[in-house]
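A.B. asks: The numbering of the sequence shown is this note's numbering, which starts it at 20 and goes up by one.
Virtual Cβ for every residue (Gly too), placed ideally from N, Cα, C.
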Amino acid sequence: MMKIEFIFDFASPNVYLANKVLPEFIKKHNVSFEYKVCLLGGIFKLSNNQPPLIAAQDIPNKTEYFMKEISRFVNFHKIEEFKMNPFFPVNTVMMQRGLIYASKQGNQEKYIEVVMRGLWEEEKNLGDHEVLSNHLTSNGLNGAEIIEHAVDQEVKDELFANTENAVKRGVFGAPTFFIGEHMFFGKEAIREMPDYL
20 MMKIEFIFDF ASPNVYLANK VLPEFIKKHN VSFEYKVCLL GGIFKLSNNQ PPLIAAQDIP
80 NKTEYFMKEI SRFVNFHKIE EFKMNPFFPV NTVMMQRGLI YASKQGNQEK YIEVVMRGLW
140 EEEKNLGDHE VLSNHLTSNG LNGAEIIEHA VDQEVKDELF ANTENAVKRG VFGAPTFFIG
200 EHMFFGKEAI REMPDYL
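1. Counting pairs of Cβ atoms below 8 Å between the stretch 22 to 39 and the stretch 190 to 198, do you hit three or more?
2. Give the straight-line distance between the Cα atoms of F76 and A30, rounded to the nearest whole angstrom.
3. Candidates K55, E132, E88: which alpha carbon is nearest H154's?
4. Whole angstroms are fine: how far does the CA of K55 sit from the CA of R116?
5. Nearest CA to the CA of N33: which residue from M86, I45, F52?
6. What residue range is occupied by the uninterrupted beta strand (DSSP E) comprising K64?
7. Going by the beta-carbon positions, is the gap between L151 and M114 smaller than 8 Å?
8. Could you check what DSSP says for M21 in three-state terms: helix, strand or coil?
9. Let me confirm a value: L216 is counted as buried when at least 16 other C-beta atoms fall within 10 Å, else exposed. Which label applies?
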């Protein structure tokens, strides 16, 4: 089974939207996705890029188009659960580190589902460590343990290394996918990926 790398950060609504359509892609093309957690802020800094809404803050037409494009994607794929988080942009450093620790405990899939849902469906301020811990715990994960170990140096180092390596490979934002050495940026690029399987 072919494995596709998924470079992501919970911070991006486009990451959430891309993630929502992956199960259908997996079923149709018999592939798997390897989730590579990175820090989007670090990617922007290292690649001399800016978040789309910051880069377009003085271009109202562009900002308006970004929101229309999200709405079209949501409607096309019938992603009825999506809600723009009122706390956006949310600081996701602890969430990203928490995923690294949770993955080592065998809880990667559940952690990703719980955090994606909390941020982009339930509109929670998961950038607040207490809110994050409580949300994880109420969904069957050990929030206190995850938060405690999210500050371990080896966890911090792994997140930094993932981020640095992604930029070295050409990544400048998220979601980004790799099929071998072929890079695809953005949720819309998922449509192009079958030609490279």
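C.D. replies: From the atom records:
1. yes
2. Start at 1 with the first residue of the sequence shown, and residue 76 comes out as number 57. Start at 1 with the first residue of the sequence shown, and residue 30 comes out as number 11. Position check: residue 76 holds Gln in this sequence, whereas Phe was assumed. Going by the C-alpha atoms only, they are around 18 Å apart.
3. Position 135 of the sequence shown, counted from the start, is the residue given in the question as residue 154. Looking at the Cα atoms, E132 is the closest of the given residues.
4. Mapped onto the sequence shown, residue 116 falls at position 97. Mapped onto the sequence shown, residue 55 falls at position 36. One C-alpha to the other measures close to 12 Å.
5. Position 14 of the sequence shown, counted from the first residue, corresponds to residue 33. With distances taken between Cα atoms, N33 lies closest to M86.
6. As a working mapping, residue 64 is identified with position 45 in the sequence shown. Unbroken run through K64 is the alpha helix (DSSP H), 59 to 65; no beta strand (DSSP E).
7. Mapped onto the sequence shown, residue 151 falls at position 132. Mapped onto the sequence shown, residue 114 falls at position 95. Yes.
8. The residue labelled residue 21 in the question sits at position 2 within the sequence shown. Three-state DSSP puts M21 in a strand.
9. Residue numbering aside, residue 216 sits at position 197 when the sequence shown is read from its first letter. Exposed.
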